[in-house]
Amino acid sequence: MTGQTESIHTSRTTVRSFIRPFSRSWDFVRRWPVIPAVVLFVLAVFALFSPLIAPDDPNDQALRSSLAKPFWYTDYYENDRVGSKIEKPHILGADKYGRDVFSRVVYGARISLSVALVSMISGTILGAWAGITTGFYGGLFDELMTRFVDVWNALPFLLIALVVSITIGQGVFIMMILLIMLTWVGLVRNVRAEVLSLKTRDYVLAARVAGASDIRLMYKHIFPGVSNLLLVLASLRVGGLILTEASLSFLGVGIPANVPSWGQMISDGRDTLDDAWWVSFFPGLGIFLTVMAMNFLGDWIRDRTDPRLRQLRD
Amino acid sequence: MKNFLARRLLFAILSLIIASMAVFGLAHAKEDPINLFIQPGYFVSPETLEALKAKWGLDKPLVMQYLTWAGNMLRGDLGDSVQQQRPVVTIVGEKWAATAQLAGIAWIFGTITGVPLGILSALKRGSLLDYSARGLALAGQSLPAFWIGLVGIWIFAVYLGWLPVFGKGHNLPFFEQAKHYVLPTLVLGWGPMAGYMRITRSAMLEVLDSEYIKLARAKGVSNRMVVWKHALRNALIQPLTIAALLLAGFMDGAVLVEVIFAWPGVGRVAVEAVNQNDFMMITGTVFLFTFLYLFMSLVADLMYAIVDPRIRYS
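Chains as they are written, first to last, in my numbering: chain U, 1 to 314; chain H, 315 to 628.
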């Protein structure tokens, strides 16, 4: 018996031995989210240690290096430009005020990631609370909350954000509140549906008979049942949050102008697109890579935790 | 069916009322609301001020103010743009056609590319075509529309010089004008294309896996008949019903795309209104968009109810 399997195994390995080292690593990349993890790790390092990584202050203006080119335009840095030679090359160039694009991208990662993470975590907590309590208690509260969520989902978010920026003003904190409002209503419906089915399960009923209080039932018995769902939903939505924040900042109604953010950098580079493509290009690449990595990671978490949830995205 | 229709209509009206309350509440959140009707820094005669106060009921209690405001809105009086000194309704009326044209064309583009791509990628699951179509869809959901618009301008308008940089191309010959539509259509249509593709693909895969398809195959029906008659007709229900919803989702995208391509539409007017602190203009456009959005979701629900009888009774 063992000999037989051994022989099959060895015959296979002889056929495949040629490509085996390669296919092993390919399998690893397919099975684990290696590329998204690397991208997100680099971004997290950027965000955490931006003052150490960024070569310049992101808001430092220097007219002599206005629209300086990225480092690989070597002729630009070799030729002495009429007495205004730039001592050190800007890695990814500079914008029209001479602010270093790379430093701004690094600091932009800090603001983008922190806004997205804070809103995602608080929005998820709020959404989980609302979904669990409405599903668990039902009644008038449930009815009102469900209607409210339906109405909220029917409103065009971007335009509401425009109204907020004109009436209340703009700031990092307001941005977070807006994104939290966007996140939690998106969760309530899914969580509530799951809770409705969980609360009639035998183990929950048994706990109730054993004398568990409502709080204990929700926290100890129902919450673990929806935690997977929460993790999947949250990870799938982060990308969208980053995109929304960038869109609002691009329109000039998101993160205030004195804080370097990716969306606003893209908007800054619009005027000089024909002379200096790098001002808009690199922050956009940052957004794209982050959102792509988040989406891949979200898909992976979803497939790992519960393949039934596939419909949440498709 | 009648019952369902009535419920949906009631819900749409309720949503509109809540949206108006939200906007009204935001307007009164911070300062004296009279500042929203006049241009800051300009002299306004006491008579005009009195007239404005009387018209919008600003000296009455808050509830009455809201009712006056809502009444004016209902009568089609969205107020005057502070910046342009003209009724908001007139301005929106002028700009409306450009937005509708762009959204319509992008919608058609998304439909005629997304649905066939979804079908093909479901039929040739695991092939190179499937992977590239899914990659295209994933990119469509991860790329910031405003950034890809700028990159498109940079490559096709600035670098290659094939397409015009901005504007709608008024009074140009047909072919020249069509060039102005290419980039905005692609940028605005990419997201919906991704949505269509994913939904069509998963619907098609689900149908192809169903019992009646297996029965048809077992009966010896030709592959062509199975795919085009038995599977496709059932798989198309979902993409058809979300069509209206996707068109509604263009509201957010249209704002961004109009800003990038300097498209003379309503979305751009809304953003300009924010930059100029033109409150009445922004509320007017927000209401218009909310109304359209709710109308579209109503249409989407009705289509769904017509196609799928189960919805009517839930």
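No residue lacks a Cβ here, since even glycine has one placed at the ideal position from N, Cα and C.
Residue range of the alpha helix (DSSP H) that includes residue i
{"i": "residue 310 of chain H", "result": "Because chain H spans 315 through 628 in this model, residue 310 of chain H falls outside it and cannot be assessed."}
{"i": "residue 227 of chain U", "result": "223 to 250"}
{"i": "residue 144 of chain U", "result": "139 to 153"}
{"i": "residue 369 of chain H", "result": "360 to 370"}
{"i": "residue 528 of chain H", "result": "525 to 532"}
{"i": "residue 163 of chain U", "result": "157 to 167"}
{"i": "residue 589 of chain H", "result": "580 to 589"}
{"i": "residue 41 of chain U", "result": "34 to 48"}
{"i": "residue 494 of chain H", "result": "488 to 522"}
{"i": "residue 607 of chain H", "result": "593 to 621"}
{"i": "residue 465 of chain H", "result": "459 to 466"}
{"i": "residue 309 of chain H", "result": "It is not possible to answer for residue 309 of chain H, since the shown part of chain H is limited to 315 through 628."}
Coil, strand or helix - residue i by DSSP
{"i": "residue 54 of chain U", "result": "coil"}
{"i": "residue 212 of chain U", "result": "coil"}
{"i": "residue 62 of chain U", "result": "coil"}
{"i": "residue 303 of chain U", "result": "helix"}
{"i": "residue 328 of chain H", "result": "helix"}
{"i": "residue 401 of chain H", "result": "strand"}
{"i": "residue 128 of chain U", "result": "helix"}
{"i": "residue 444 of chain H", "result": "helix"}
{"i": "residue 12 of chain U", "result": "Only weak support is given to the placement of residue 12 of chain U: the predicted model assigns it a pLDDT of 48, under 50, and the value that follows is read from those uncertain coordinates. Of the three classes helix, strand and coil, the one that applies to residue 12 of chain U here is helix, per DSSP."}
{"i": "residue 94 of chain U", "result": "strand"}
{"i": "residue 100 of chain U", "result": "strand"}
{"i": "residue 275 of chain U", "result": "coil"}
{"i": "residue 1 of chain U", "result": "The predicted model places residue 1 of chain U with a pLDDT of 40, which falls under 50 and marks its position as unreliable, so this point remains unresolved."}
{"i": "residue 394 of chain H", "result": "strand"}
{"i": "residue 200 of chain U", "result": "coil"}
{"i": "residue 342 of chain H", "result": "coil"}
{"i": "residue 409 of chain H", "result": "helix"}
{"i": "residue 220 of chain U", "result": "helix"}
{"i": "residue 258 of chain U", "result": "coil"}
{"i": "residue 73 of chain U", "result": "coil"}
{"i": "residue 451 of chain H", "result": "helix"}
{"i": "residue 577 of chain H", "result": "coil"}
{"i": "residue 373 of chain H", "result": "coil"}
{"i": "residue 170 of chain U", "result": "coil"}
{"i": "residue 135 of chain U", "result": "helix"}
Per-residue burial, residue i [other beta carbons within 10 Å of its own, 16 or more giving buried]
{"i": "residue 543 of chain H", "result": "exposed"}
{"i": "residue 571 of chain H", "result": "buried"}
{"i": "residue 440 of chain H", "result": "exposed"}
{"i": "residue 473 of chain H", "result": "exposed"}
{"i": "residue 281 of chain U", "result": "buried"}
{"i": "residue 476 of chain H", "result": "exposed"}
{"i": "residue 31 of chain U", "result": "exposed"}
{"i": "residue 358 of chain H", "result": "exposed"}
{"i": "residue 388 of chain H", "result": "exposed"}
{"i": "residue 43 of chain U", "result": "buried"}
{"i": "residue 38 of chain U", "result": "exposed"}
{"i": "residue 34 of chain U", "result": "exposed"}
{"i": "residue 36 of chain U", "result": "buried"}
{"i": "residue 378 of chain H", "result": "exposed"}
{"i": "residue 200 of chain U", "result": "exposed"}
{"i": "residue 597 of chain H", "result": "buried"}
{"i": "residue 509 of chain H", "result": "buried"}
Rounded Cβ spacing between residue i and residue j (contact assumed at less than 8 Å)
{"i": "residue 343 of chain U", "j": "residue 66 of chain U", "result": "Since the first and last residues shown for chain U are 1 and 314, residue 343 of chain U lies out of range."}
{"i": "residue 149 of chain U", "j": "residue 185 of chain U", "result": "5 Å"}
{"i": "residue 513 of chain H", "j": "residue 556 of chain H", "result": "6 Å"}
{"i": "residue 511 of chain H", "j": "residue 451 of chain H", "result": "5 Å"}
{"i": "residue 191 of chain U", "j": "residue 230 of chain U", "result": "7 Å"}
{"i": "residue 558 of chain H", "j": "residue 610 of chain H", "result": "5 Å"}
{"i": "residue 115 of chain U", "j": "residue 176 of chain U", "result": "6 Å"}
{"i": "residue 262 of chain U", "j": "residue 298 of chain U", "result": "That belief does not hold up - the Cβ atoms of residue 262 of chain U and residue 298 of chain U are roughly 20 Å apart, past 8 Å."}
Residue i: CB within 7 Å of a non-hydrogen atom of the ligand MN
{"i": "residue 291 of chain U", "result": "As for the ligand MN, it is missing from this structure, which has no ligand bound."}
If we count Cβ pairs, one from each stretch, closer than 8 Å, do we get three or more for the region 50 to 65 of chain U versus the region 95 to 108 of chain U?
yes
Counting pairs of beta carbons, one from the region 295 to 308 of chain U and one from the region 117 to 124 of chain U, are three or more of them closer than 8 Å?
no
For the region 212 to 219 of chain U against the region 236 to 249 of chain U, do three or more pairs of beta-carbon atoms, one drawn from each stretch, fall closer than 8 Å, so that the two count as touching?
no
Check whether the region 586 to 598 of chain H touches the region 395 to 402 of chain H, counting contact only when three or more Cβ pairs, one atom from each stretch, lie closer than 8 Å.
yes
Given 8 Å as the limit, is there contact between the region 250 to 270 of chain U and the region 126 to 146 of chain U, that is, 3 or more CB pairs closer than that?
no
At least 3 beta-carbon pairs within less than 8 Å: the region 373 to 381 of chain H vs the region 410 to 429 of chain H
no
Three Cβ pairs or more, each shorter than 8 Å: is that satisfied between the region 427 to 439 of chain H and the region 401 to 419 of chain H?
no
State whether the region 459 to 475 of chain H contacts the region 514 to 525 of chain H, with contact taken as three or more CB pairs (one from each stretch) at a distance under 8 Å.
no
Would you say the region 446 to 460 of chain H touches the region 526 to 543 of chain H, given that touching needs at least three Cβ pairs under 8 Å?
no
Hey, is the region 399 to 414 of chain H in contact with the region 491 to 509 of chain H, meaning 3+ C-beta pairs nearer than 8 Å?
no
Pair every Cβ in the region 283 to 295 of chain U with every Cβ in the region 238 to 255 of chain U, then say whether three or more of these pairs are closer than 8 Å.
yes
Does the contact criterion of 3 or more C-beta pairs under 8 Å hold for the region 530 to 539 of chain H versus the region 441 to 450 of chain H?
no
Are three or more beta carbon pairs between the region 315 to 328 of chain H and the region 133 to 145 of chain U nearer than 8 Å?
no
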